[in-house]
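Chains as they are written, first to last, in my numbering: chain A, 1 to 559; chain B, 1 to 327. For glycine and all other residues, C-beta sits at the position ideal for the given N, C-alpha and C.
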Amino acid sequence: MAANPLVTDGFDQPAPRRLWLQVLHDWVTTVDHKKIGLMYIGYALIFLVVAGAQALLMRIQLAVPNNHFVSPQVFNQLFTMHGTTMVFFVGMPVLFGFGNYLIPLMIGARDMAFPRLNAFSFWVAAFGGFLLYFSYLGANGLYGAGSAPDVGWWAYAPLTARAFSPGHSTDYWTLAILLSGVGSIGTALNIVATVLCMRCPGMKLNRMPLLVWLYLVMSCLVFVTISPLTAAQIMLMLDRYLGSHFFDTQAGGSAVLWMHFFWIFGHPEVYVLILPSFAFANEIIPVFSRKAIFGYPAMVAASVGIGFISLSVWAHHMFTVGMSSGANTFFTLATMAISVPTGIKIFNWLATIWGGKIHFTASMMFTIGFLFQFLIAGLTGIMLSVAPFDWQLGGSYFVVAHFHYVLVGAILFILFGAFYYWYPKMTGRMLSEKLGKWHFWIFLIGFHLTFDLMHIPGILGMPRRIYTYEADRGWMIWNILISSGAVLQTIGTLLFVYNMVWSYFKGPIAGPDPWDAWTLEWSTSSPPPVYNFAVIPTVESRRPLWDLKHPEDPDSHYE
Amino acid sequence: MMLSGIGQGSTSIFSPAGTPARSIFSLSMLVLSITTGIFLTVAGLLLYAIVRFRHRAADPNAAQEPAQIYGSTQIELSWTVIPILIVVMLFLATARIILVTQDAPKPADALDVTVIGHQFWWEYHYPKLGIVTANELHVPVSDPKHPTPTYLSMSSADTDHSFWIPRLAGKVDLIPNRVNTMWIDPETAGLYLGQCAQYCGTQHAKMLLRVYADSPADFAAWVAHQQQPAAQSADPAAAEGRSIFQHNACISCHTVAGTVATGTFGPDLTHIASRDTIASGSVPNTPANLRAFVQNPAAFKPGALMPPMHLNDHDLDAVTAYLTSLK
């Protein structure tokens, strides 16, 4: 490994041990993008374990028909809390966490554009997650009804009206989403400002790492999608407490209006989650294939294209609500169109691997899992874009299988890949590769057992969100196998948690650049000092560290 | 197909028994073959690349970086254009099925049924035949030569529901303050199962659907029977049960045609004994089940909106006898 002249030693002497209260004070009051990023990630991991446990309880309940492991009320709360938590309090924060941590480092900046807004956004989102779970205690309220929310994570009207949802459970849900949305918009604003204004000398837009590009597109999407969601939450609160009738069908309101509000948020939200996943793949695949990313301009164009098209596909979640044939046809076409830029990405990754020298680290193995599983998720997505096919498959376990293929098969796999890749940068120590490979194989088998087979009960007519099912429908064998896969995934995840804790204390020292990588975050020490770079770097290509390591053949000659 | 084999007589979307389900089935086979083709091509290339281009420690040039390729306009153009062509083809095939299913002209002798979703049961009105019933929908078999499809106008009394009989057609939601329509035309006589496919509250799971496709003669007999007012049983237990029924809260929610019971919140009970199941298809219609249901509906369906009736054993027996007499 080439010595790295950009690394500046001596500036980060270990600080003397401090009292735990001082440490706590430091974390609570910090405006350092790296600490905020780590807090986002830690907070998301805690909720990942909680919502994962909820999934496990649901799978126990569904393993056999007419099971009485949990009551219908508890089951309905479980799937509502699982979905809400995973989307708003795991997916968003973990991705914002990585973005917060990596973007300034990758563009050669010392912090985000608005450090205090950054801290505010984190704490307000964290408070949202706290409120959601406080509902278990607080939602009984004055009515003596309800506990945790049980209206489903998309909370269709009029189930959320006071008539059908007395007590305060729905209010906790609404407030949690509202606060999480405020935090998301704050962080998105920060990312856009940082990317546009804080790049180091020489880093033109077309030299930014693709990760930064994708976070830019993702943040712009957040503006457009979180705003209607937030508006809808306020309208719902007005309905529930001030007598307005936006969604109150008993008084002439419209249930379909809520669906439009929710899905104009909800579908681009899928891309808000998947674009950062593409971002990680764009960094990990080239480094472990030892090649430059293939077709950088096309990758940027495809990302921006996905951003725009994703705003015109929302009603494919509503093919069964009785839209006109014209609307169904339009949303079929718009949804299919998104497969073109997505396809470009998969092909460009394939071309990046082609002719490379692939190093099968745990990080790369998870990334390869991501590639195969995202391919399958995309293809089942094409099936669901075919409106008539969706009339059968929509609302069934096929859809549950499809979007878990996206969220677990693609996003969670690449997230694990990102952890193995950047953990050394964040902590200064390597994660155990041996445990990482065990984690990969156990989780891979569990994942396929659960989510491959989950398509089948959907085809056999099993709707989602049912707490139990009839014994004579032939669904039991599939559900037992699906549930057994969930156990394997749990074991894999616990192995990962163990690896993170063990490696923090016992892992090999990473050094600044353990993967022989090419982007700026690897040019500073691990973990980076508070100020990131002693000297603000200057770059001349997309891979500044490649140029340093190969002065005879720098990228800047080809771009 | 393995999946359709499992689904015979059940709820598989791959064993269609009506025109809408059949046209979706053939479209889905086209989609499945195209996506399988794409999968085999791309996954095959990926697999080849991963095996072929792995880093080999034994390679004399192992330490050297591979050739850096930054892109190729021709290649990238080809993998943009080919997917566009596939999308156009798939879109045209899809648009055709959307139009023939949604905008099919309604034949003059189609049967009209109004469906109203409730937490957690189904109400059916046959406006031209003057029939009101619940949970078990009877429709005539449709002969392809002289199609007699059934057109469903659907709405909801409370929250969103969805009507899904996989072997007959795709699902359509029942949404309050809105009327959606769909049509079904079962090809062969028999029972078609399904269930509510839109989360509608606590008992969403036990909001089951049963569609009976009857031969023309059977359907005519069923219609004639349902058009009768409620049976007047000579059995003294049933007569006593009727009196108890009419002096309790039962009549605020249930209708028994031709009596003082005219409530509309719950299922119409005029011919409840002619139905195979109770509690929206969740248990067989036996006197024991009826009695247990009247005593405490939550025993079968926690979250059901009918309260426990707090009747003593004698009254329960009588009411059960009355309900059983409502053939």
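Separation of A:Phe294 and A:Leu379 (C-alpha to C-alpha, rounded to the nearest whole angstrom) is 23 Å. For B:Leu46, the chain A residues whose Cβ falls inside 7 Å of its Cβ are Leu350, Leu371, Phe372, in order along the chain. Residue pairing from DSSP places B:Gln195 in a beta bridge opposite B:Leu208. Here A:Pro512 is not near A:Ser503, since their CB atoms are 8 Å or more apart. Taking 8 Å as the cut-off, the Cβ atoms of A:Phe389 and B:Ser28 count as close. Proximity of B:Glu65 to chain A, defined by a Cβ-Cβ separation below 8 Å, is satisfied.
Assignment of beta-bridge partners to B:Trp121 by DSSP yields B:His118.
By alpha-carbon distance to B:Glu187, the top candidate from B:Gly201, B:Leu32, B:Val179, B:Pro149 is B:Pro149. Here the C-alpha atom of A:Tyr101 lies approximately 40 Å from the C-alpha atom of A:Gly458. Contact residues of the stretch 12-24 of chain B toward chain A are Ser12, Ile13, Phe14, Pro20, Ala21, Ser23, Ile24 (C-beta to C-beta distance below 9 Å). Secondary structure remark: continuous alpha helix (DSSP H) runs of at least 4 residues inside the stretch 500-555 of chain A, in chain order: 544-549.
For B:His138, the enclosing beta strand (DSSP E) begins and ends at 136-140. Fewer than three pairs of CB atoms, one per stretch, sit closer than 8 Å, so the stretch 397-410 of chain A makes no contact with the stretch 335-343 of chain A.
At least 8 Å separates the CB of A:Leu62 from every CB of chain B.
Taking 8 Å as the cut-off, the Cβ atoms of A:Ile191 and A:Ile306 do not count as close. Taking a contact as a CB-CB distance under 8 Å, the pair A:Leu384 and A:Leu371 does not count as one, their CB atoms being some 21 Å apart. Rounded to whole angstroms, the separation of the alpha carbons of A:Leu216 and B:Pro147 is 56 Å. Within the same chain, no Cβ atom closer than 8 Å to the Cβ of A:Ile466 is found once the five residues on either side in sequence are excluded.
Annotated three-state conformation of A:Asn67 is coil, per DSSP. Only those residues of the stretch 96-126 of chain B whose C-beta falls short of 7 Å from the nearest C-beta of chain A are listed: Ile97, Ile98, Leu99, Thr101, Gln102, Asp103. Only those residues of the stretch 73-89 of chain B whose C-beta falls short of 8 Å from the nearest C-beta of chain A are listed: Ile75, Glu76, Trp79, Thr80, Pro83, Ile84, Val87.
Closest by C-alpha distance to A:Ala231, out of A:Pro201, A:Asp452, A:Ile36, A:Phe265, is A:Phe265. Taking all protein chains shown into account, B:Leu47 has fewer than 16 neighbouring C-beta atoms within 10 Å of its C-beta and is therefore exposed. In its chain, beyond the 5 residues on either side, Val113, Val115, Met182 have a beta carbon closer than 6 Å to the beta carbon of B:Leu152. Looking at A:Leu273, A:Ala163, A:Ser180, the one whose alpha-carbon comes closest to that of A:Arg240 is A:Ala163. Nearest to A:Asn66 by alpha-carbon distance, out of B:Val260, B:Pro302, B:Leu269, B:Ser325, is B:Pro302. Between B:Gly281 and B:Leu208, the C-beta spacing is below 8 Å.
Contact between B:Gln198 and B:Ser155 is absent: CB atoms are separated by about 13 Å, not below the 8 Å threshold.
The C-beta separation of B:Ile244 from B:Gly263 comes to about 16 Å, leaving the pair out of contact by the 8 Å criterion. Against chain A, a Cβ distance below 9 Å from B:Val172 picks out Thr320, Val321, Gly322, Trp391. DSSP places A:Thr230 in the uninterrupted alpha helix (DSSP H) bounded by 210-241. For the pair A:Val272 and A:Thr225, the CB atoms are nearer than the 8 Å cut-off. For A:Val340, at least one C-beta of chain B is nearer than 8 Å to its own C-beta. The criterion of a C-beta distance shorter than 8 Å is satisfied by B:His55 and A:His359.
A direct Cα-to-Cα measurement between A:Gly381 and A:Trp391 gives close to 14 Å. Secondary structure of B:Leu111 (DSSP, three-state): strand.
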